[in-house]
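Numbers 29 to 480, taken from the numbering used here, label the letters of the sequence shown in order.
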Amino acid sequence: MPIPRHIIGFAIAAIAAPILIAASPAHAATDQMGADFDGDGVTDLALGARDGLQTASGTIVVDYSTELPTEYLRPPASFGYDGFADSFATADLDEDGYHDLVAACTDCEWEWSGPTVSIWRGSAEGLVLDPDFDVELGVPGRAVAIGEISDASGREIVSSKDGTSTVLTHDEDGQWTDKGYYVEPPPPTEDRQPSLAVGDLDGDGVAEVVIGTPARELGGSVTIVKDIASSEPSHVTYYAENMDGALSLFGADVAIADADGDLIGDLIIGAPGSVGPNNENCGRVVVMYSDSFPQLISQETAGVPGVCEEGDEWGAQVEAADLDGDAAAEIVVGSPGEAIYEDAAAGGIVVLNCDAIGVDCAGSLGVTQLSPNVPGSPEPGDRLGAALRIQWAFNAADRPGLLVGAPGEDVDGTIDAGWVLVASLDATGAPDGASYAKTGVDYGRYLLGGSL
29 MPIPRHIIGF AIAAIAAPIL IAASPAHAAT DQMGADFDGD GVTDLALGAR DGLQTASGTI
89 VVDYSTELPT EYLRPPASFG YDGFADSFAT ADLDEDGYHD LVAACTDCEW EWSGPTVSIW
149 RGSAEGLVLD PDFDVELGVP GRAVAIGEIS DASGREIVSS KDGTSTVLTH DEDGQWTDKG
209 YYVEPPPPTE DRQPSLAVGD LDGDGVAEVV IGTPARELGG SVTIVKDIAS SEPSHVTYYA
269 ENMDGALSLF GADVAIADAD GDLIGDLIIG APGSVGPNNE NCGRVVVMYS DSFPQLISQE
329 TAGVPGVCEE GDEWGAQVEA ADLDGDAAAE IVVGSPGEAI YEDAAAGGIV VLNCDAIGVD
389 CAGSLGVTQL SPNVPGSPEP GDRLGAALRI QWAFNAADRP GLLVGAPGED VDGTIDAGWV
449 LVASLDATGA PDGASYAKTG VDYGRYLLGG SL
């Protein structure tokens, strides 16, 4: 049965128009969720990792579907690359048929300025660093996203840190410029480690920017910015402390998709520190519909697999896309703190199946390393579900596939080598027989899958 849409004290405003679709849904979805860097029509893998357990130096491992050699991306012209690969995004920025990769760097020590973002352009030879992109643009990037957020042609880049977001736009000559947008001074106890989502929430063909800023003491906040690249941007902020549901770490992750099949974008928000019925910090997910009060979902909701337990971190990651072809997006929820029997923090994910009238928990399913077609076995500290990415496509059915990170996985005696499930999905959203895993040992790296 559909979950009742619980009223939790606020409603999303000014989102009533239908979504405008300029391209076919299949093409649009393929572009937004693609990672075909070499243009062969088959998705490639981009996996965040660390160079060692005692360093924050990050690497993006790029594993091509062709015979191109595996690449290990790092920031250009830097003395260090701490925090690199914490966040990256892919899209065909210049519509040349190759997906590009944009990576944020939190604490890189640039020779001439602070950390920002870098672009690698797709080509038949694989990813190539864009020499024309001025790395001095933008703010330090704890999060990065790509979308059509202005009337300019092509796609723009958004990076964010500590409440400050920068939009990087380019003109017809390919010259990049930046426009800063400071949301508001953060409360002293706010952690302000942002999450980002870019998508059209009001159907005007221009995407809004959603900034999640989770915190424990005050619960966190989510800000929706409209027309961020214009001369008169506006925003509305929702605070966890003003809402029902005992939300904590509200905004740890955010996603935008049509969750109820009404052709209007909906906002999905993770709040993994939220309190359950017996005062457990187990986590919740909030779905802010375009035409109704938001819905509060947890493992206590009828039909959702699992039970609310201390430290589950249910909602640490959220992703959403139409996985079964019913025109409504399924919501994938990461729960890296989930205990599997006696294995603490082995982790798992839940796929909340969506139908034309909203989220229907009766069709939801849980996935762990005990599930069919998932390699390996659960172990303490694996943290499966610490990172998620829906990506097109890993099977002949031309459906989205799913990347799931388990950065704490030990592999062949290597502590915290990390592990990524490359899941080809069946019509229910469950991994099928074509699914496989990649490990940090495969690439000589650690904590593989900490970001995707």
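Cβ atoms here follow ideal geometry from the backbone N, Cα and C, with glycine treated the same way.
Run of the alpha helix (DSSP H) containing Tyr471, from where it starts to where it stops: Against the sequence shown, residue 471 aligns to sequence position 443. Tyr471: member of the alpha helix (DSSP H) spanning Gly468 to Tyr471, first to last residue.
Are the Cβ atoms of Val335 and Ile325 separated by less than 8 Å? Residue 335 sits at position 307 when you count from the first residue of the sequence shown. Residue 325 sits at position 297 when you count from the first residue of the sequence shown. No; because the gap between Cβ atoms is not below 8 Å, this pair is not in contact.
Contacts around Pro300, its chain only, beta-carbon distance under 7 Å, and the 5 residues preceding and following it disregarded: Reading the sequence shown from its first residue, position 272 is the one you call residue 300. Non-local C-beta neighbours of Pro300 in its own chain, meaning closer than 7 Å and more than five positions away in sequence, comprise Leu277, Ala280, Gly311, Glu341, Trp342, Gly343 and Ala344, ordered along the chain.
May I have the straight-line CA-CA distance separating Pro143 from Leu246, to the nearest angstrom? Here the question's residue 143 lines up with position 115 in the sequence shown. Here the question's residue 246 lines up with position 218 in the sequence shown. Low confidence applies here, because Pro143 scores a pLDDT of 45, under 50, leaving its location unreliable; read the following figure in that light. Each residue's CA atom was taken as its position, placing Pro143 and Leu246 some 28 Å apart.
Same chain only: Cβ atoms within 6 Å of Ile296, ignoring 5 sequence neighbours per side: Start at 1 with the first residue of the sequence shown, and residue 296 comes out as number 268. So the list reads Ala283, Val315, Val346, Ala348 and Ile359, once near-sequence residues are dropped.
Nearest to Gly76 by alpha carbon, out of Phe65, Ala63 and Tyr100? Numbered from 1 along the sequence shown, position 48 holds the residue referred to as residue 76. For the residues Phe65, Ala63 and Tyr100, the minimum Cα distance to Gly76 belongs to Tyr100.
In whole angstroms, what separates the C-alpha of Pro222 from that of Asp66? One-based indexing of the sequence shown puts residue 222 at position 194. One-based indexing of the sequence shown puts residue 66 at position 38. Distance between the alpha carbons of Pro222 and Asp66 is about 31 Å.
Which ranges does the beta strand (DSSP E) cover as unbroken runs of at least 3 residues, wholly within the region 275-339, from first to last along the chain? Qualifying beta strand (DSSP E) stretches, in chain order: 281-285, 294-299, 312-316 and 323-325.
To the nearest angstrom, report how far apart Leu73 and Ala257 are at their CA atoms. As a working mapping, residue 73 is identified with position 45 in the sequence shown. As a working mapping, residue 257 is identified with position 229 in the sequence shown. Straight-line Cα distance between these residues: approximately 31 Å.
Is the CB-CB distance between Asp79 and Ser85 below 8 Å? As a working mapping, residue 79 is identified with position 51 in the sequence shown. As a working mapping, residue 85 is identified with position 57 in the sequence shown. The Cβ atoms of Asp79 and Ser85 sit closer than 8 Å to each other.
Any idea which residues DSSP pairs Ala465 with across the strands? Along the sequence shown, one-based indexing puts residue 465 at 437. The partner list for Ala465 (beta bridge, DSSP) reads Leu449.
Anticipated Cβ contact below 8 Å, Gly331 with Ser392, distance rounded: Along the sequence shown, one-based indexing puts residue 331 at 303. Along the sequence shown, one-based indexing puts residue 392 at 364. Here Gly331 really is in contact with Ser392; their C-beta atoms are around 6 Å apart, less than 8 Å.
Let me know the secondary structure DSSP gives Glu269 once reduced to three states. Position 241 of the sequence shown, counting from 1, holds the residue named residue 269. In the three-state scheme derived from DSSP, where H, G and I count as helix and E and B as strand, Glu269 is classed as helix.
For Val432 and Leu453, which I take to be in contact (beta-carbon distance under 8 Å), what is that distance rounded to the nearest angstrom? Locating residue 432 in the sequence shown gives position 404, where the first residue counts as 1. Locating residue 453 in the sequence shown gives position 425, where the first residue counts as 1. The C-beta distance from Val432 to Leu453 rounds to 11 Å, too long to meet the 8 Å contact threshold.
Using C-beta distances below 7 Å, list every residue in its chain close to Arg411, excluding the 5 sequence neighbours before and after it, in chain order. For this step, residue 411 is matched to residue 383 along the sequence shown. The answer, listed in chain order, is Pro364, Ala373, Gly375, Ala434, Pro435 and Gly436.
Between the Cα of Ile88 and the Cα atoms of Val250, Ser146, Gly62 and Val70, which residue gives the shortest distance? Along the sequence shown, one-based indexing puts residue 88 at 60. Looking at the Cα atoms, Ser146 is the closest of the given residues.
Would a C-beta distance cut-off of 8 Å place Glu269 and Glu308 closer than the cut-off? In the sequence shown, counting from the first residue as 1, residue 269 sits at position 241. In the sequence shown, counting from the first residue as 1, residue 308 sits at position 280. It is not a contact, given that the beta carbons lie outside the stated cut-off.
Return yes when the Cβ of Ile177 is within less than 8 Å of the Cβ of Ala119, no when it is not. By 1-based counting over the sequence shown, the position of residue 119 is 91. By 1-based counting over the sequence shown, the position of residue 177 is 149. Going by C-beta atoms, Ala119 is not nearer than 8 Å to Ile177.
Integer Cβ distance of Ala355 from Gly289, believed to fall under 8 Å: Working through the sequence shown from its first residue, we reach residue 355 at position 327. Working through the sequence shown from its first residue, we reach residue 289 at position 261. Between Gly289 and Ala355 the Cβ distance is about 5 Å, and since that is below 8 Å, they are a contact.
Given Glu274, which residues of its chain have a CB within under 7 Å of its CB, disregarding the five upstream and five downstream residues? The residue given as residue 274 occupies position 246 in the sequence shown. Note that residue 274 is Ala in the sequence shown, not Glu. Cβ neighbours of Ala274 beyond the five flanking positions: Ser302 and Val303.
Reference Asp183, options Leu229, Gly233 and Val250, closest by Cα: As a first step, residue 183 must be located in the sequence shown, where it is residue number 155. According to the sequence shown, residue 183 is Arg rather than Asp. Here the closest residue by C-alpha is Gly233.
Name the DSSP beta bridge partners of Gln345, please? In the sequence shown, residue 345 corresponds to position 317, counting from 1. DSSP, once it has assigned bridges, lists Gly362 as partnering Gln345.
The beta strand (DSSP E) that contains Thr456, what's its start and end? To locate residue 456, count along the sequence shown from 1; it is residue 428. Segment: none, Thr456 is in no beta strand (DSSP E) and carries neither H nor E.
In the structure shown, what three-state DSSP assignment does Gly433 receive? Working through the sequence shown from its first residue, we reach residue 433 at position 405. In the three-state reduction of the DSSP assignment, Gly433 falls in the strand class.
Would DSSP call Ala390 helix, strand or coil? The residue you call residue 390 lines up with position 362 of the sequence shown. Assignment of Ala390 by DSSP, reduced to helix, strand and coil, places it in the helix class.
Pick out whichever of Thr205, Asp228 and Val264 has its Cα sitting closest to the Cα of Gly240. For the purposes of this step, residue 240 is taken as residue 212 along the sequence shown, with counting starting at 1. Selected option, being the one with the closest Cα: Val264.
If you compare alpha carbons, which of Val448, Glu95 and Glu366 is closest to Gly394? Your numbering for residue 394 matches position 366 in the sequence shown. When Val448, Glu95 and Glu366 are compared, the shortest CA-CA separation from Gly394 is found for Glu366.
Helix, strand or coil for Ile443 per DSSP? Locating residue 443 in the sequence shown gives position 415, counting from the first residue. In the structure shown, Ile443 sits in coil (DSSP, three-state: anything other than H, G, I, E or B).
What do you get for Arg244, buried or exposed, if any count of 16 or more other CB atoms within 10 angstroms of its CB means buried? The sequence position of residue 244 within the sequence shown is 216, counting from 1. Under the 10 Å beta carbon count, Arg244 is surrounded by fewer than 16 other beta carbons and is classified as exposed.
Do Val378 and Pro333 have their C-beta atoms within less than 8 Å of each other? To locate residue 378, count along the sequence shown from 1; it is residue 350. To locate residue 333, count along the sequence shown from 1; it is residue 305. Yes, these two residues count as a Cβ contact at 8 Å.
Using only the alpha-carbon positions, how far apart do Ile49 and Gly231 sit? Translated into the one-based positions of the sequence shown, residue 49 becomes position 21. Translated into the one-based positions of the sequence shown, residue 231 becomes position 203. Residue placement at Ile49 is flagged as unreliable, the pLDDT there being 25, under the threshold of 50; a coordinate-derived value is accordingly withheld.
Collapsed DSSP secondary structure at Ala374 in the structure displayed: Locating residue 374 in the sequence shown gives position 346, where the first residue counts as 1. DSSP places Ala374 in coil when its eight states are reduced to three.
Quick one: what does DSSP say Leu73 is sitting in, helix, strand or coil? If you number the sequence shown from 1, residue 73 lands on position 45. Reduced to three states, the DSSP call for Leu73 is strand.
If you compare alpha carbons, which of Ala462, Ser479 and Ala458 is closest to Gly468? On the sequence shown, position 440 is the one that residue 468 refers to. Of Ala462, Ser479 and Ala458, the residue nearest in Cα terms is Ser479.
Whole angstroms is fine: what's the gap from Leu476's alpha carbon to Thr205's? Working through the sequence shown from its first residue, we reach residue 476 at position 448. Working through the sequence shown from its first residue, we reach residue 205 at position 177. In this structure, the alpha-carbon of Leu476 lies about 33 Å from that of Thr205.
Where Leu229 falls: helix, strand or coil (DSSP): The sequence position of residue 229 within the sequence shown is 201, counting from 1. Secondary structure of Leu229 (DSSP, three-state): coil.
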